[in-house]
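Asker:
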Amino acid sequence: MRNFKKLLKIGFLRNFHHHLLRLYLIIGLVIESQAQPISIPFYQNTLEMDSLLPLNVLPLPYDYKGEKTPYKTTFKIALLEEEQTLFFSFQTTKSPLCDTLISGTFMQDLWKKDVAELFIKSADSQVYQEFNFSPTGAYWSAIFKEYRQLEKEWFFEPVNIVHLYDETHWKITFSIALKDLYFDLLKDDVLINVCAILYTPSDTIYIDDHCKTPTPDFHHSQNFSPVQILDK
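With the working numbering applied, the sequence shown corresponds to residues 79 to 310, in that order.
1) So does the stretch 206-222 actually touch the stretch 173-192, counting three or more Cβ pairs closer than 8 angstroms?
2) Output yes or no for whether 9 angstroms exceeds the beta carbon distance between leucine 157 and phenylalanine 168.
3) For leucine 196 and valine 272, what's the separation of their Cα atoms in angstroms?
4) To which residues of the same chain is proline 137 closer than 6 angstroms at the C-beta, ignoring the five residues directly before and after it?
5) Report the three-state DSSP secondary structure of glutamine 204 (helix, strand or coil).
6) Would you mind sorting isoleucine 275 into buried or exposed? The rule is 16 or more other CB atoms within 10 Å of its CB.
7) Measuring only the C-alpha atoms, how far is glutamate 245 from aspartate 202?
8) Histidine 288 and glutamine 122: beta carbons closer than 9 angstroms?
9) Rounding to the nearest angstrom, what Cα-Cα distance links histidine 247 and lysine 172 in this structure?
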């Protein structure tokens with residue numbers, strides 16, 4: 079009888095240790111999957127942004143596998159109060175691979191060449207908006223009602239587009255009226271994902287600094303980060 083009770087006690091401790099270990103692993107995975115918030119400064123106007131935004135350059139050093147890319151890639155994002163616009167800028171030290179397109183052209187399939195992408199997703203539903211920005215100044219946007227389920231294209235005319243590229247780098251800057259966004263960034267609780275596709279003769283580089291999926295998947299909700307609006 080004593081031996082039986084001893085065996086029961088040993089079995090209970092082993093099972094308890096096993097379940098406790100699984101709990102630790104689950105907690106660890108949950109903590110690891112929580113992306114750090116992306117801070118979006120809220121400036122009064124363009125003049126103030128021009129003086130302060132250089133302090134808020136955000137790096138994109140890694141691809142979806144967590145490996146460092148051979149290029150220096152960064153982005154900037156901000157809200158402007160007087161202009162009521164979203165400012166987004168992306169640049170990389172890579173020569174662009176792109177078609178000859180007129181700046182301001184709205185067209186699909188920009189992802190088949192070098193492209194910067196911005197995703198804005200509702201924190202309360204599966205709806206999200208995708209933006210594609212070509213080195214040429216061409217762009218595209220659409221609304222998805224849920225994961226990869228296209229609902230409609232979202233045409234808008236940017237307030238401003240600036241694009242620069244040469245053999246050593248490319249840079250694209252867009253200003254978008256807040257009223258032309260699907261979400262109200264000043265009221266809605268949203269998540270964002272900033273990423274890019276860069277093509278080389280030997281490889282395709284999927285830049286997604288917060289990727290939590292085993293394959294490059296910019297649309298997956300796991301790869302979005304919470305947003306923190308910073309009042310100056």
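From the three backbone atoms N, C-alpha and C, an ideal C-beta is built for every residue, glycine too.
Answerer: Put simply:
1) yes
2) no
3) 5 angstroms
4) The answer, listed in chain order, is Thr152.
5) coil
6) With 16 or more neighbouring CB atoms inside 10 Å of its own CB, isoleucine 275 falls in the buried class.
7) If I take the Cα positions, the gap works out to 43 angstroms.
8) Against a cut-off of 9 angstroms, the Cβ pair of glutamine 122 and histidine 288 comes out as no contact.
9) 4 angstroms
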